[in-house]
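In this note's numbering, the protein residues as written are 1052 to 1992.
Don't be surprised by glycine CBs; every beta carbon is placed ideally from N, CA and C.
Here's the structure we're looking at; comments come further down.
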Amino acid sequence: MAVKVEELLTADINQPARYLGNELGAVHKPWDGASVRWVLTYPEVYEVGASNLGHIILYNILNALPRQLCDRAYLPAADLAVKLRSTKTPLFAVESRRSLTEFDILGFSLSYELGATNILEMLDLAGIPLTWQERATNPQNGQIPLIFAGGQTATSNPEPYADFFDFIALGDGEELLPEIGLILAEGKTNNLSREALLLDLAQIPGVYVPQFYDMAADGSVHPNRPQVPERILRRVATPIPAYSIGLVPYVQTVHDRLTVEIRRGCTRGCRFCQPGMLTRPARDVEPQQVVEAMEQGMQATGHSEFSLLSLSCSDYLALPAVGMEIKNRLKDKNISLSLPSQRVDRFDDNIADILGGTRQGGLTFAPEAGTQRMRDIVNKGLTNEELLRGVKTAVDRGWDKIKLYFMIGLPGETDFDVLGIAETVRWLHRECRIDGRRGLNFNLTISNFTPKPHTPFQWHSVSTAEFSRKQKLLKGEFRGMRGVKVNYTDVRISAMEDFVGRGDRRLAAVVRRAWELGAGMDAWWESLDQAYKAWTQAIDESGLTWKYRQVESGEWNLFDKEEGSSATDSVTDVTDGSRMEVVRGKSEDFPTSPPLPHSPSPTLPLSPSPTLPLSLDQALPWDHLDTGIDKNWLKIDLQKALEAATVPDCSFEGCSRCGVCGTDFGHNVVVDALPIPDFAGEFVPNTERKQRFRVWFGKVGDMALVGHLDLIRLFDRVVRRADLPISFTGGFHPNPRISLANALPLGVTSTGEIADFELTESINIESFREKLAAKLPENIPIYKVELIDLKAPSANQLLEAAEYVITVASAGSLTENGELDQENSAAVSVADEANWEAWVKTIAETEAFWRVHTTKSGKTQDVNLRDRLHKLELVDQKPDSSTSARGGISEGRAVLRFTGSCRSDGNLLKPEHIVFMLEQVSQQEIQLLQVERSQLILGYG
């Protein structure tokens, strides 16, 4: 049964369009025609989840399958969550508006260590038991959907969250989820029990069912029955760009653009990088597929920006050719390209040529460390010369602000390396001046290294006290440095990420208790102290404080600083336990003049921490997951890190023997560089104005919940999809010449909105109307189109008045309700036996209703609202069964029609003002129940 969403989305709910499920690209399949009904549930607010590429791809794939239905759900914002609980309404899927309990299977994306609390919040709002144990013993377990998780964190180490899920989907889902759907359909047909169905699912490579495995005393995980594999395989799939084309939200999202994946996987081998290890092998997408998907997608969605996605876009050798081909094909569409991740060593003129457009976006590089020695330890594969060359290229091509990412707390880091971050920025500042004079602006993010499973650095951590000390060092260095803005990650967040990310099943109780104490993921950003307190209290109550203190103090430290050590250091060989000598060479100087001040790096003995004997062979909670990466190879690579030895990228050089390539995971697929097409030229906005149409349209039904700015974006995309020859403004940021007469308040329906469209060429009025109407949502109907002289004033300039139809209700005496506004009260006399008709008449006969108005600048002024009221009439009235009649007054609801001032200079009469006048003449509390704007009235002179 569908939830009555329209009753929930009242005026007190922020951004109600998040919950409508009516976006362009939303799929509404018949409920009864599906054998398996999915919900992809993203445990973040809509603006984050609806723009997530993996979410869109899997949604499109599942809905493309016969007899499989896939809906969506997102974490409701706090205001809606409160209303769901207070009205005892279950969390619903946005398209069908059905409770999540009505579906067969719910899939959560788990991509962040602290994100599981949001999943518990969604399960609780849906009325679903939180753990698999509770669901299995629930008498209604046959009606409870299966709950699973996928995503990077789920694939990396699902053990801290194992109690909450019936199964985990490891790796890529494009092929795995359809296989799961087939088993579910067969299981439903055969009426299998929950346990029998899960046992069938456990036979699919990539499906991990935690209840069929037990944790040993050392934290390792082993099967508790013979029918399941000892190790569960990570799934690998080939990207399919066509499935990237999908949802076009009405509200502005975090990534408000069309995104197409060009390369999945990264083989650079950065030793701190979990995605680089968990997505191998690297798989390039055929350039023709990328170009066609992007061209079709831009036409289908109407987006003005597109992005090519990869962990390292620059390693897609065909990038300059593909980017230029797309840019040339869309030359006349006023679009821009952004690349989310680039390597500074590959940033050159060819890549600069394809970036931006009429709106040049930001540029982000990640040197990660401030000295060459540290970049070699982490296998960044970046030299000082390459860093300087990339940044200089950016400056030469017009960028005046660059974002740089650095990390502190990396294995082997000394104070010299930490201060090297500041020295690197000074050096770049000095060498890269704009026009030879102005300094480049840098926005720096200094994050704390957090060790991740399945990486060579999974055996290392740093104390929070050490992080704080290093941050203090940097703050001192950056103090007073001009043109630099620095952001630091809070050390408490980093410690908690480490504690949970490398934890075992004992942490499920911690996660649950933290959620009960209010530690949703959003709490980290809104009230960090409160969130941290909730997590630490949960840890204390679970009896795991000792383990968290180990994390805080640096549980495993591969590098232990001692004074006076020599340049030749002793290290334990991680492969056989023998001692070996590591001789470090001198760090490389910065290659320009004047040189960066440099001295030999303080030397460190590379020995196990005295507080905890280091054993690289001890069991880890994620050892039963077969990601393809050989654990022995991680040990060997760690040894190379201790020696500051680099490993080449196996996509372009020799195999590094990591263990991935083979039958189960495939091999690297690399597309060679292609000839770069000639540049067809930047978009030149056509500012010609050959024709103007004035359109009268409505905003009815659920489109009333789409805000004014979102409506402007909607019209921009509609014009693009309709391929109308719209005229643009000039300047650095050309915009389409689409002008709405007046902003309609959120939640207000209308049958009388007006918009002006200016075109670069003359077209038939009916053709214009048909093209526009064909691409508009059905709840934005077109009523009339007129041809307007180009020299005529705009509708906004001509606007004089607006007509509204409002529904109001009396809710009792203002004095009784404590609502009387003495300051703004009007001096009127009202008979005891007044009714709606009398109140309306009294307003008409009253000369002044004074109200204090506060301007945007904060100034106050007295306004006579009566001067702004042109006409007021009673259309209908009826008793309200929820209100009792008192003293002969006809209480209940009334429908009123009024016409009032609506000018662009701010001279407005709003529905709330009519309520104010009614309250003054009636001395009753008046509630505004419904508002519709029936027409905007233009003054043609």
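Own chain residues within Cβ distance below 6 Å of residue i, not counting five before or after
{"i": "Arg-1314", "result": "Asp-1335, Ser-1361, Tyr-1367"}
{"i": "Asp-1175", "result": "none"}
{"i": "Ile-1064", "result": "Asp-1130, Leu-1131"}
{"i": "Tyr-1097", "result": "Arg-1069, Tyr-1125"}
{"i": "Glu-1356", "result": "Arg-1308, Ser-1387"}
{"i": "Val-1442", "result": "Leu-1479, Cys-1483"}
{"i": "Gly-1615", "result": "With a pLDDT of only 32 at Gly-1615, under the threshold of 50, the placement of this residue in the model should not be trusted, and no figure is reported."}
{"i": "Trp-1089", "result": "Leu-1113, Cys-1121, Ile-1156"}
{"i": "Val-1260", "result": "Phe-1218, Leu-1249, Ala-1253"}
{"i": "Val-1720", "result": "Arg-1334, Asp-1335"}
{"i": "Gly-1990", "result": "Leu-1849, Glu-1851"}
Contact check, residue i vs residue j, beta carbons under 8 Å
{"i": "Phe-1215", "j": "Phe-1199", "result": "no"}
{"i": "Gln-1303", "j": "Asp-1700", "result": "no"}
{"i": "Ser-1985", "j": "Tyr-1855", "result": "yes"}
{"i": "Met-1532", "j": "Asp-1468", "result": "no"}
{"i": "Thr-1152", "j": "Pro-1196", "result": "yes"}
{"i": "Pro-1728", "j": "Glu-1210", "result": "no"}
{"i": "Val-1087", "j": "Leu-1235", "result": "yes"}
{"i": "Cys-1953", "j": "Ala-1853", "result": "yes"}
{"i": "Gly-1951", "j": "Pro-1930", "result": "no"}
Sequence-distant residues of its chain with Cβ nearer than 8 Å to residue i (five each side left out)
{"i": "Ala-1187", "result": "Arg-1245, Glu-1246, Gln-1262"}
{"i": "Ile-1777", "result": "Val-1770, Pro-1787, Arg-1788, Ile-1789, Phe-1808, Glu-1809, Leu-1810, Thr-1811"}
{"i": "Pro-1258", "result": "Reading off the sequence, residue 1258 comes out as Val, not Pro. Contacts found: Phe-1218, Ile-1219, Ala-1220, Leu-1221, Leu-1227, Ile-1231, Leu-1252, Ile-1283."}
{"i": "Arg-1772", "result": "Gln-1350, Ala-1351, Thr-1352, Gly-1353, Lys-1826"}
{"i": "Asp-1723", "result": "Leu-1368, Ala-1369"}
{"i": "Gln-1325", "result": "Gln-1203, Ser-1207, Lys-1503, Pro-1504, His-1505, Thr-1506"}
{"i": "Cys-1317", "result": "Cys-1324, Pro-1326, Gly-1327, Thr-1330, Arg-1331, Ala-1333, Ser-1361, Leu-1362, Ser-1363, Asp-1366"}
Cβ neighbours of residue i in the same chain (closer than 7 Å, five flanking residues each side left out)
{"i": "Val-1966", "result": "Val-1859, Ile-1977, Leu-1979"}
{"i": "Asp-1541", "result": "Leu-1579"}
{"i": "Lys-1382", "result": "Ala-1731, Gly-1732, Phe-1734"}
{"i": "Val-1391", "result": "Looking at the sequence provided, one finds Pro at residue 1391 rather than Val. Contacts found: Ser-1358, Leu-1360."}
{"i": "Ala-1565", "result": "Thr-1168, Ala-1585, Trp-1586, Ala-1589"}
{"i": "Leu-1525", "result": "Val-1469, Ile-1472, Ala-1473, Ile-1497"}
{"i": "Pro-1277", "result": "none"}
{"i": "Arg-1322", "result": "Val-1429, Asn-1430, Thr-1506, Pro-1507, Phe-1508, Asp-1688, Ala-1692"}
{"i": "Pro-1785", "result": "Asn-1385, Thr-1409, Pro-1736, Phe-1779"}
For residue i: DSSP bridge partner residues
{"i": "Cys-1121", "result": "Trp-1089"}
{"i": "Arg-1948", "result": "Val-1856, Glu-1924"}
{"i": "Val-1720", "result": "Arg-1334"}
{"i": "Ser-1150", "result": "Phe-1143"}
{"i": "Asp-1677", "result": "Leu-1284"}
{"i": "Val-1342", "result": "Beta-bridge pairing links Val-1342 to no other residue."}
{"i": "Asp-1265", "result": "His-1273"}
{"i": "Val-1914", "result": "Arg-1902"}
{"i": "Glu-1312", "result": "Leu-1360"}
{"i": "Phe-1493", "result": "Ile-1453, Val-1535"}
{"i": "Ser-1389", "result": "Ser-1358"}
{"i": "Gln-1978", "result": "Ala-1860"}
Interface flag, residue i vs chain D, CB-CB below 8 Å
{"i": "Leu-1381", "result": "Checking the listed chains, one finds no chain D in this structure; it contains a single protein chain."}
Closer than 7 Å: residue i CB and nearest the ligand SAH heavy atom
{"i": "Met-1532", "result": "Only the bare structure without any ligand can be found here, which leaves the ligand SAH out of the picture."}
Contact between the stretch 1198-1205 and the stretch 1116-1130 is defined here as three or more beta-carbon pairs at a separation below 8 Å; is this criterion met?
Cβ pair count under 8 Å is below three, so no.
Kindly confirm or deny that the stretch 1973-1981 and the stretch 1831-1851 touch, where touching means at least three C-beta pairs closer than 8 Å.
By the criterion of at least three beta-carbon pairs nearer than 8 Å, the stretch 1973-1981 is not in contact with the stretch 1831-1851.
Please give me, in chain order, every unbroken run of the alpha helix (DSSP H) with length at least 4 that falls completely inside the stretch 1180-1244.
List check, alpha helix (DSSP H) in window: 1183-1188, 1203-1207, 1227-1240.
If you pair each beta-carbon of the stretch 1068-1087 with each one of the stretch 1145-1152, do three or more pairs fall below 8 Å?
The answer is yes - the stretch 1145-1152 touches the stretch 1068-1087, with three or more Cβ pairs under 8 Å.
Can at least three beta-carbon pairs, one atom from the stretch 1470-1487 and one from the stretch 1509-1518, be found at a separation below 8 Å?
Segments in contact, no.
Alpha helix (DSSP H) runs wholly inside the stretch 1772-1844, at least 4 long, in chain order
Complete alpha helix (DSSP H) runs here, min 4: 1816-1826.
Decide yes or no for the touch test of the stretch 1742-1754 against the stretch 1788-1804: beta carbon pairs closer than 8 Å, at least 3 of them.
Flag = yes, the stretch 1742-1754 and the stretch 1788-1804 touch.
Can at least three beta-carbon pairs, one atom from the stretch 1919-1927 and one from the stretch 1951-1970, be found at a separation below 8 Å?
Contact holds: three or more Cβ-Cβ distances are below 8 Å.
Taking the runs of the alpha helix (DSSP H) that are 4 residues or longer, which of them lie wholly in the stretch 1436-1465?
Assignment of alpha helix (DSSP H) within the stretch 1436-1465, counting only whole runs of 4 or more residues, yields no such run.
Is it a yes or a no for the stretch 1339-1348 touching the stretch 1688-1704, going by three-plus beta-carbon pairs under 8 Å?
Judged by Cβ distances under 8 Å, the stretch 1339-1348 makes no contact with the stretch 1688-1704, as fewer than three pairs qualify.
Stretch pair the stretch 1666-1685 + the stretch 1395-1407: three plus CB contacts closer than 8 Å
No, the stretch 1666-1685 does not touch the stretch 1395-1407.
How do the stretch 1181-1197 and the stretch 1577-1596 stand: do at least 3 beta-carbon pairs fall below 8 Å, yes or no?
The stretch 1181-1197 vs the stretch 1577-1596: no contact.
How about the stretch 1099-1113 and the stretch 1167-1174: do they share at least three Cβ pairs that are nearer than 8 Å?
Contact between the stretch 1099-1113 and the stretch 1167-1174 is absent, because fewer than three Cβ pairs lie under 8 Å.
Please specify which runs of the alpha helix (DSSP H), each continuous and at least 4 residues long, are wholly inside the stretch 1526-1581, giving them in chain order.
For the stretch 1526-1581, whole alpha helix (DSSP H) runs of length 4 or above, ordered along the chain, are 1542-1552, 1559-1567, 1574-1577.
I'd like the ranges of any beta strand (DSSP E) spanning at least 3 consecutive residues and lying wholly in the stretch 1741-1765.
Scanning the stretch 1741-1765 for uninterrupted beta strand (DSSP E) segments of 3 residues or longer gives 1742-1750, listed from N- to C-terminal end.
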